[in-house]
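Trainee: Numbering (this note's numbering), first residue to last: 2 to 66.
Note that the Cβ used here is the ideal one computed from N, Cα and C, for glycine as well.
Computed from a predicted structure; not experimentally measured.
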């Protein structure tokens with residue numbers, strides 16, 4: 002699996018926990034939509050931004066949590 006976990010803030014209480022998940026799920030934690038370059042999965046975790054379809058289309062699947 003590859004892709005990204007996008008969070009709006011590195012200060013979010015779960016950011017450290019998400020960083021620990023990076024290796025186990027094979028997705029890189031990012032805090033800017035500009036870093037969402039594509040892959041199999043885009044996980045939007047505590048993301049307060051509206052993510053345009055052009056960004057979501059870079060991924061096979063998008064999950065909003």
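Would you say the region 35 to 42 touches the region 51 to 59, given that touching needs at least three Cβ pairs under 8 Å?
Mentor: They touch, by the three-pair rule.
Trainee: In this structure, what does DSSP give as the bridge partners for residue 45?
Mentor: Residue 45 pairs with 7, 65.
Trainee: In the DSSP output, what is residue 30 paired with across the bridge?
Mentor: DSSP, once it has assigned bridges, lists 6 as partnering residue 30.
Trainee: Apart from the five residues on each side of it in sequence, which residues of its chain come closer than 7 Å, Cβ to Cβ, to residue 66?
Mentor: The residues are 44, 45, 46.
Trainee: From 55, 48, 53, 35, pick the residue whose C-alpha is nearest to that of residue 12; which is it?
Mentor: The option with the nearest alpha carbon to residue 12 is 48.
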